[in-house]
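Working notes, beginning with the structure itself.
There are 2 protein chains.
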Amino acid sequence: MPPVTTDTSARGPRTRLAPDQRRTQLLDLGVSLLATRSLDELTIDVLAEEAGISRGLLYHYFGNKHDFREAVVRRAVADLVVQTAPPEGGEPLERLLASVAAYVDYVVANYQGYVSIVRGAAGGNETMRQVYEETRAALTDRIFTEDAQGEIIPDTPAARLMVRGWSAMGEEMVLTWVTDPRGVTRDQLLEALAASLPALVDLLH
Amino acid sequence: MPPVTTDTSARGPRTRLAPDQRRTQLLDLGVSLLATRSLDELTIDVLAEEAGISRGLLYHYFGNKHDFREAVVRRAVADLVVQTAPPEGGEPLERLLASVAAYVDYVVANYQGYVSIVRGAAGGNETMRQVYEETRAALTDRIFTEDAQGEIIPDTPAARLMVRGWSAMGEEMVLTWVTDPRGVTRDQLLEALAASLPALVDLLH
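Note that the protein sequences, when read in sequence, are chains A and B. For the first sequence, the working numbering begins at 1 and goes up steadily by one. For the second sequence, the working numbering begins at 1001 and goes up steadily by one.
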């Protein structure tokens, strides 16, 4: 009977994992590589080298370059949605502040990959656009499900339009701030982003 | 002596114009075609058919497909900057409102082409990205040169970051509103966009 391996890193080519687990592990590695690379730079070759397995095997798991990148992006944005979920209890504005803080931390930690997803650097690919839109919808819809009593925002078409605008504003400001934080502290940015949402919604009704 | 033609439309293949004038005329036609088409749909073939001249002659004027699209986009965004210039005199907020109204009208009149420029549907082309960034910079810098006394916005790094965010917010809201105006009138949208700028700048300092 062979010894049971306890190596769970994707670098161990001989690790015995079910195909699903192996694919998940490779996706995790892809997501971590994307953090410091643009989508264009995230290739099957790079993953093969980092994972220590053959390109052929990666094609077996991911089909082709586009499917591979799409799978990595879907997983990356799923992480974003989970990581930016507001805490369970507390005041609505405090929960919003915590969620915004988690978003800023995510962008800082994953800048290269995230900016390439946002900028559509993947070549104007329609699927990527769709993944991006679904993610933004998930993030903005959550504002309404998390604030179901409408404590800070009523659920109206006008408020939904404003939340969409606020979301685009936050994305642009955080991406800009990460590359040039002059004159604005992290706390100032977080407070302005959280406070601006109810203020903006008040302006459109 | 041949009769002098007074046909100034780009459809007249026999119109006698200097090469510069002809190129300008073809660009104007390209911009007007882009209004109701995405960049991907704006081809040399389409322009050739609309202008009633050969593809070969268009390649003579524009080099290749990419240069042609870039020239059209540069002209389209230059039009946007001119059309959204605030009026000469008046109260700062009234001037901002007029500028925002002109922006909304531009997007309504040029939706297909504009959305494709914004979404980077040109295939993540780096030059297009640059043209887009230059345009956004021109539009946001104007906020500060037009309000040189800082009547509504002081010129600080924090205010510049906020104006950038506000600009992204306005773009997203107007693009969304044009396709789905439910629950929000044009006046409500314009007033919310204009009023939100000083309100947002107040939140970040």
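Backbone N, C-alpha and C fix where the C-beta goes; we use that ideal spot for every residue, glycine too.
Taking 4 residues as the minimum length, the alpha helix (DSSP H) runs contained wholly in the region 1057-1131 of chain B are 1065-1083, 1092-1109, 1111-1118, in order along the chain. A distance below 7 angstroms between beta-carbons, with the five flanking residues on each side excluded, links A:L42 to the following residues of its chain, in chain order: G30, L33, L34, R69, V72.
Distance from the Cα of A:A85 is smallest, within the candidate group A:P19, A:A18, A:V100, for A:V100.
Under the 8 angstroms criterion on CB atoms, B:R1186 is classed as non-interfacial with respect to chain A. Legend: CB atoms of the region 152-167 of chain A lying less than 8 angstroms from CB atoms of chain B belong to residues T156, P157, A158, L161, M162, R164, G165, W166, S167. For a cut-off of 8 angstroms, the C-beta gap from B:L1080 to B:T1140 is around 13 angstroms, too long to register as a contact. If you draw a straight line from the Cα of B:A1098 to the Cα of A:A102, it is about 37 angstroms long.
Per DSSP, reduced to three states, the secondary structure at A:S54 is coil, with no helix or strand assignment. Measuring C-alpha to C-alpha distances from B:P1181 to each of A:Q112, A:Y132, A:Y61, A:L204 identifies A:L204 as the nearest. In this structure, the straight-line span from the alpha carbon of B:L1189 to that of B:N1125 is close to 32 angstroms. At a cut-off of 8 angstroms between beta carbons, B:R1119 contacts chain A. By the Cβ rule, the region 185-201 of chain A counts as touching the region 150-164 of chain A, because three or more pairs are nearer than 8 angstroms. Cβ-Cβ distances below 6 angstroms link A:Y111 to V178 in the same chain, with the five nearest sequence neighbours on each side left out; the list follows chain order. For chain B, none of the residues of the region 80-110 of chain A brings a beta carbon within less than 9 angstroms of one of its beta carbons. Taking 8 angstroms as the cut-off, the Cβ atoms of A:W166 and B:M1128 do not count as close.
With respect to chain B, the C-beta atom of A:S38 has no partner C-beta closer than 8 angstroms.
DSSP, read as helix, strand or coil, puts B:T1135 in helix.
Contact between A:R75 and A:L27 holds, with the beta-carbon distance rounding to 5 angstroms and staying under 8 angstroms.
Taking A:K65 as reference, the option from A:A51, A:L96, A:L47, A:I53 with the minimal CA-CA separation is A:L47. A straight-line Cα-Cα distance of about 24 angstroms links B:D1187 and B:F1144.
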